[in-house]
Every structure is written in C-alpha cells, then in structure tokens.
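Numbering (our numbering), first residue to last: 5 to 257.
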Amino acid sequence: MSPQFTASYRLRPNNTVYGTASRGFKAGGFNPASPPGNEAYGEENTWNLEGGVKTLLAGGRVSLNASAFTIDWKDLQLNQPNPFVPGQFFISNIGGASSRGVELEVQARVHRSVDVFGALGYTRARFDDDSTSSGVPVGGNDIPYTPTTTATVGTQVHHRLSSGIELFGRAEVVSYGSFKYDDLNMEGQDAYALTNLRVGGRGKFIFVEGWVRNAFDTRYIPVAFAYGPLAPSGFIGEMGRPRTFGLNAGVTF
Numbered sequence: 005m006s007p008q009f010t011a012s013y014r015l016r017p018n019n020t021v022y023g024t025a026s027r028g029f030k031a032g033g034f035n036p037a038s039p040p041g042n043e044a045y046g047e048e049n050t051w052n053l054e055g056g057v058k059t060l061l062a063g064g065r066v067s068l069n070a071s072a073f074t075i076d077w078k079d080l081q082l083n084q085p086n087p088f089v090p091g092q093f094f095i096s097n098i099g100g101a102s103s104r105g106v107e108l109e110v111q112a113r114v115h116r117s118v119d120v121f122g123a124l125g126y127t128r129a130r131f132d133d134d135s136t137s138s139g140v141p142v143g144g145n146d147i148p149y150t151p152t153t154t155a156t157v158g159t160q161v162h163h164r165l166s167s168g169i170e171l172f173g174r175a176e177v178v179s180y181g182s183f184k185y186d187d188l189n190m191e192g193q194d195a196y197a198l199t200n201l202r203v204g205g206r207g208k209f210i211f212v213e214g215w216v217r218n219a220f221d222t223r224y225i226p227v228a229f230a231y232g233p234l235a236p237s238g239f240i241g242e243m244g245r246p247r248t249f250g251l252n253a254g255v256t257f
C-alpha cells in the first residue's frame, strides 16, 4: 500500500502553504549473478514528507517558493560491485538511510522584456548508523550521487520586432556540489558548474534557434562505478557531455 496525503491552505490570494506525506516502496527481486548469500533482495520502503510556501510579490512580478523535505528509507536497495567479477553488479539491501533538505526558487520580471530566475537547494543524505555494505559498516556515509548543494541562476529575454516576429534568448548557469560515487565514499566528483545558452526568433508559423550546452567545456564525470584492480583508480566512469551546440528550426500551426 502506498498512501499519500496532501493539504494546502491559502493564507492570502497570493500566499499558499502546503504539506504532503506519502509512503512508497520498491519491490524486491532476484539477482541473475551475485556473491553467495545475495541471490535475492527484499523490498525497499520509504516515508516522504514535504512542506512549503508559494507566494507572489510586487504585484505578481516576483514568484517565491520555499520548501523543506525529508525522506526515510528502510532496507534501501543499492547496486553493489561483485568482488569476484569486476564490472558486474548486484542489488542488495544496505539498511536505513535518510535525506533532509530545503529548496528555494525565485523568478522575477525586472523589465517587461527581461526575466531573471534562480534556485538553491541543500540536501543532507546519509546512511543510518547500522547500515552495512558487503559486510562493511557505512553508517554516516553520504548516499552516492547526491550533491549537498545545487544552484541555478539565469535570465531570459524577449523582444518583439513586430506583431508577428519575436526574438528571444536564455542564459543559465547550473551548479552541482561535490558527491560520492559509492557507498564506501572512496571516490567522488568535485563541485562543477555548466553554462547553457540559447538564442533565436519565432514568427507566426516558424521558429529558429541556436543553442550551446556546457559553453565553457567543463570536464566532469557524473557517473563512475567500482571496477576493482582492473582500473588504476579502482573505478571506471564516463566523462560528462562536452561543449555541444546545434540549431533547431520548425513550423508551428
């Protein structure tokens, strides 16, 4: 059973508070290959709580949203490297874990043709004290692939040349805090940021836009897995997408 409860209350026409509580689960199963004693794994259960406020300020020109959340896992399922077969993984129940955090979003129209926006998030996601991985205690370690901080800041502009033609542009910087690749917290990715740009024009029936992702060609490794002695660092990963650019065009009706 996965119940969910949600409530909201409008304090004023432009201010609303809300809260949500839900329970979720992930079914257990069997591993096609694993070390002895790990042929099967049990289901995972979670409780999720979130509450926050949504508000409009300055006559609706500023939108401000803030929220806090908590997630509690029981019998968390996690991919584990097979110590007997490098590059092979199996699923195991690690134990308990929790994630607590806050998020803040703001968007403002500073001019009739210019919007600015930003978001900031903080997350503390760690294994419970009694959690173990392949017989090794991991209590207090960070949950893999969970940056402590995330942030976005940017602007978008639009300018109407005539009743049927509009120019537009968007620039944003997305920042990710450092995070770990594995439950033992042996290796991880340092903090990095990506810059994305987009500019174009649209008419009544057609649009054309050019874009650049990772404009400054930041080098990062978003995913890596333990690979034992076959890899110099003990991990094997894939570089993140380098600077890419392109052109889109289309017809609308």
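Built from N, CA and C at the ideal position, the CB exists for glycine as well. Please read these numbers as outputs of a predicted model, since none were measured by experiment.
Thinking residue i and residue j are a contact (beta carbons under 8 Å), I'd like their distance in whole angstroms, please.
{"i": "E54", "j": "A31", "result": "In fact, because the Cβ distance is near 24 Å, the residues do not count as touching under 8 Å."}
{"i": "G28", "j": "A11", "result": "Between A11 and G28 the Cβ distance is about 19 Å, and since that is not below 8 Å, they are no contact."}
{"i": "Y45", "j": "G33", "result": "6 Å"}
{"i": "D134", "j": "G143", "result": "6 Å"}
{"i": "T156", "j": "T127", "result": "About 15 Å separates the two Cβ atoms, so there is no contact after all."}
{"i": "L60", "j": "N18", "result": "4 Å"}
{"i": "G254", "j": "W215", "result": "Between W215 and G254 the Cβ distance is about 13 Å, and since that is not below 8 Å, they are no contact."}
{"i": "Q84", "j": "S117", "result": "Wrong, their Cβ atoms sit about 53 Å apart, outside the cutoff."}
Taking buried to mean at least 16 other C-beta atoms within 10 Å of its own C-beta, is residue i buried or exposed?
{"i": "N252", "result": "exposed"}
{"i": "I210", "result": "exposed"}
{"i": "L198", "result": "buried"}
{"i": "F183", "result": "buried"}
{"i": "F220", "result": "exposed"}
Do residue i and residue j have their C-beta atoms closer together than 8 Å?
{"i": "L108", "j": "A123", "result": "yes"}
{"i": "D132", "j": "G99", "result": "yes"}
{"i": "A37", "j": "Q81", "result": "no"}
{"i": "D146", "j": "N189", "result": "yes"}
{"i": "D79", "j": "N52", "result": "no"}
{"i": "V57", "j": "V106", "result": "no"}
{"i": "Y180", "j": "A195", "result": "yes"}
{"i": "R206", "j": "G173", "result": "no"}
{"i": "R217", "j": "T248", "result": "yes"}
{"i": "Y231", "j": "I240", "result": "yes"}
Would you report the Cα separation of residue i and residue j, rounded to the nearest angstrom?
{"i": "A89", "j": "Q193", "result": "First, the residue type needs correcting, since residue 89 is Val and not Ala in the sequence shown. Spanning the two alpha carbons is a distance of roughly 25 Å."}
{"i": "R341", "j": "S26", "result": "This structure does not reach residue 341, given that the chain is present from 5 up to 257, and the question cannot be answered."}
{"i": "P40", "j": "S103", "result": "31 Å"}
{"i": "S71", "j": "V120", "result": "20 Å"}
{"i": "T265", "j": "T50", "result": "Residue 265 is absent from the structure shown; the chain starts at 5 and stops at 257."}
{"i": "E170", "j": "Q111", "result": "22 Å"}
{"i": "P148", "j": "D187", "result": "6 Å"}
{"i": "G168", "j": "E242", "result": "45 Å"}
{"i": "E191", "j": "G238", "result": "9 Å"}
* Asked: Taking the runs of the beta strand (DSSP E) that are 3 residues or longer, which of them lie wholly in the segment 111 to 198?
  -> Unbroken beta strand (DSSP E) stretches of 3 residues or longer found wholly inside the segment 111 to 198: 118 to 131, 153 to 164, 170 to 180, given in chain order.
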